[in-house]
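To convert, take the position in the sequence shown, counting from 1, and add 758; that gives my numbering.
Just so you know, even glycine gets a beta-carbon here, dropped at the ideal spot from N, CA and C.
Owing to the predicted nature of the structure, the values given are computational and were not obtained by experimental measurement.
Have a look at the structure below, then the notes.
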Amino acid sequence: MTHALRTGGDRGYLRIATEEAFAIPEQLDAYLRLVRDGRADKATTSLWGFYGTSPSERTTFIRDRLLDLDAPRIQAMDETGVDKAILSMTSPGGQVFEAEEAKAIVTRGNDVLAAAVERYPDRYYGMTSIAPQDAAWSVQEIKRGRDELGFKGVMVNSHIQGHYLDEPQFDPILRACAEGDQLLYIHPQSPPDNMIAGMVEAGLDGALFGFGVETGYHLLRIITTGVFDRYPSLQIAVGHGGEALPYWLFRINYMHQASVRSGRYERLKPLKKTVVDYMRENVLVTTSGMASEPAIKLCIEQMGEDRVMYAMDYPYEFVADEVRVHDNLAIPFEQKKKLMQTNAERAFKL
Ligand code: 1DF
Ligand code: MN
759 MTHALRTGGD RGYLRIATEE AFAIPEQLDA YLRLVRDGRA DKATTSLWGF
809 YGTSPSERTT FIRDRLLDLD APRIQAMDET GVDKAILSMT SPGGQVFEAE
859 EAKAIVTRGN DVLAAAVERY PDRYYGMTSI APQDAAWSVQ EIKRGRDELG
909 FKGVMVNSHI QGHYLDEPQF DPILRACAEG DQLLYIHPQS PPDNMIAGMV
959 EAGLDGALFG FGVETGYHLL RIITTGVFDR YPSLQIAVGH GGEALPYWLF
1009 RINYMHQASV RSGRYERLKP LKKTVVDYMR ENVLVTTSGM ASEPAIKLCI
1059 EQMGEDRVMY AMDYPYEFVA DEVRVHDNLA IPFEQKKKLM QTNAERAFKL
């Protein structure tokens, strides 16, 4: 069951990890300031109040490795056979700050990332982080990322202080991604105050559950409010096995059709296609933190073999056996090569 993990494609494919996180010190300091000043929402208080300060071995490792873009990270990739990492600023990026601070931190993060990609051009790709609080600025940053920094794709850490990308103020961002042919990756953050409710007291606000339901909700809103009818070429990726939506797809599609037939929600513009259609034509999912054979097979069955991509989620996940789970999947070789390498090459335009 265990085998050596080497880079270089000895198994017939490269391993391209698509949801790999980094941070800059200014960003982590700013989260802590927000928490200490009592200006943070419940989500950030719980997440970065913890990750920013906890002395546990796991948390110290995560903090150190987020801030590293050099030898330790490359060594970690070598050890686990990850040929290439598509890097993005860790969640919630700049989205919890007021716009001016967000833009300063995101600009710096994008510059730091571009320099790292330049140092390790055969190992790293970068995604453009934005500050959706200022959509016009974000459009310019998407262009700078693509044209000047050589980035592939755009990262948004789900809700923007309780607001969602289907709302009109964010339309220029969706248009810039669609027209600029940039994959939009919606990464989780913990739910906003109006959704997190009792999740913190039950220990469920973070990656365990809150991340997934909030991000799945975000993507579903984008579908049911007609974003993909506005931008039929727009491609959106979500992690963690599609944030449970592939498993849920039959029921969501059925209930959506039922509500259309019965004339419920008539104020919503009718969609041109079904939820299944949008999931299979506009959405990609990654396997970040979901190294589970039945879950990955279900994603491939529900989404199609061209729409599932490998991710590790380093440094939050760094388990060599999870790479082996992918290598050992009982699926045809051609599907595995798509999963590990070629779907990412196509979707991110590497
Ligand atoms: C965690 C997980 C944190 C993921 C993350 O960013 C993150 C975690 C702050 O375990 O708390 O990206 N993840 O994607 O699963
Ligand atoms: Mn992640």
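- Note: A775 is bridge-paired with A843 in the DSSP secondary-structure output.
- Setting aside the 5 residues that flank it on each side, G796 has no residue in the same chain whose C-beta is closer than 7 Å to its C-beta.
- In this structure P1004 is buried. Its beta-carbon is surrounded by 16 or more other beta-carbon atoms within 10 angstroms.
- As computed with DSSP, H921 is found in a beta bridge with I918.
- Here the alpha carbons of A1088 and Q891 stand approximately 44 Å from one another.
- Secondary structure of T838 (DSSP, three-state): coil.
- I981 and G810 have their C-alpha atoms spaced approximately 35 Å apart.
- Closest in C-alpha terms to F1008, from the list A857, I931, C1057, Q993, comes C1057.
- Per DSSP, L978 is one residue of the alpha helix (DSSP H) stretching across 968 to 982.
- Between K910 and F1106 a beta carbon distance of about 4 Å is seen, short of the 8 Å cut, so the two are scored as contacting.
- DSSP places T817 in the uninterrupted alpha helix (DSSP H) bounded by 815 to 825.
- Within the region 937 to 967, the runs of beta strand (DSSP E) that reach at least 3 residues and sit entirely inside it are, in chain order, 942 to 944.
- Taking 7 Å as the cut-off, one finds no heavy atom of ligand 2 near enough to the beta carbon of D924.
- As the crow flies, the alpha-carbon of A1053 is around 16 Å from that of L966.
- Excluding five sequence positions before and after Q927, the CB atoms of its chain that fall closer than 7 Å to its own CB belong to A893, given in chain order.
- The criterion of a C-beta distance shorter than 8 Å is satisfied by E777 and H945.
- Assigned with DSSP and collapsed to three states, L1042 falls in strand.
- Placement of the Cβ of D1064 at a distance of 7 Å or more from every heavy atom of ligand 2 is found.
- Rounded to whole angstroms, the gap between the alpha carbons of Q785 and L845 is 16 Å.
- DSSP places I1054 in no beta strand (DSSP E) but in the uninterrupted alpha helix (DSSP H) bounded by 1051 to 1061.
- With a contact defined as Cβ atoms closer than 8 Å, R769 and V840 miss out at about 13 Å.
- Look at F928 here: in three-state DSSP terms it is helix.
- Sequence-distant Cβ neighbours of T760 in its own chain, meaning closer than 8 Å and more than five residues away, are D1079, R1082.
- For A862, the enclosing alpha helix (DSSP H) begins and ends at 857 to 877.
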